[in-house]
Each structure stands twice: as structure tokens, then as C-alpha cells.
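J.: Take a look at this one; I'll ask things after.
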């Protein structure tokens with residue numbers, strides 16, 4: 010598999026779906042910017058830990 014292939018991505022529609030389910034509303038543009046910045050900073054979105062959990066679940070460790 011190519012090393013530059015995207016395995017997973019999150020779209021604004023995904024964030025809005027979660028907002029509607031959890032907050033009962035869509036996010037504003039300003040709120041979307043805050044969420045996007047937080048996801049990209051990895052402060053709240055631990056992709057590294059998520060990959061480790063997948064390794065463990067698949068018993069690759």
C-alpha cells in the first residue's frame with residue numbers, strides 16, 4: 010500500500026452530524042473553526058492512541 014494513501018478523514022458533514030445528535034443543533038462557522046483547529050492540534054483527537062487501540066484489538070501487539 011502506498012505510504013501517502015489516506016486511511017481515514019473527517020469532513021465537516023461528519024462533525025455536523027455529531028453536533029446534531031449530541032447538541033441538537035448544527036455548529037456555527039466559528040464553532041466549526043474551533044473544532045477543526047482542535048482536531049488538527051491533536052489536543053483532543055488522539056489518532057496515535059486510536060491506532061494503538063486498533064493494533065491491540067486486532068492482536069497485532
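Numbering (the numbering used here), first residue to last: 10 to 70.
Glycine included, C-beta positions come from ideal geometry on N, C-alpha and C.
Owing to the predicted nature of the structure, the values given are computational and were not obtained by experimental measurement.
(1) Within 10 Å of its beta-carbon, does residue 27 have 16 or more other beta-carbons around it, so buried, or fewer, so exposed?
(2) Say whether the stretch 36-54 touches the stretch 13-24, bearing in mind that this needs 3 or more beta-carbon pairs closer than 8 Å, one atom from each stretch.
(3) Which class does residue 54 belong to by DSSP, given the choice of helix, strand or coil?
(4) Report yes if the C-beta distance between residue 16 and residue 48 is below 8 Å; otherwise report no.
(5) Rounded to a whole number of angstroms, what is the C-alpha to C-alpha distance between residue 29 and residue 35?
T.: Concretely, from the data shown:
(1) As a first step, residue 27 is located in the chain shown; it is residue number 18 there, counting from the start. With fewer than 16 Cβ atoms within 10 Å of its Cβ, residue 27 is classed as exposed.
(2) yes
(3) Taking the chain shown and counting its residues from 1, the one referred to as residue 54 is at position 45. Residue state, collapsed to three classes: coil.
(4) Position 7 of the chain shown, counted from the start, is the residue given in the question as residue 16. Position 39 of the chain shown, counted from the start, is the residue given in the question as residue 48. Contact flag unset, no.
(5) Start at 1 with the first residue of the chain shown, and residue 29 comes out as number 20. Start at 1 with the first residue of the chain shown, and residue 35 comes out as number 26. Their Cα atoms are separated by approximately 5 Å.
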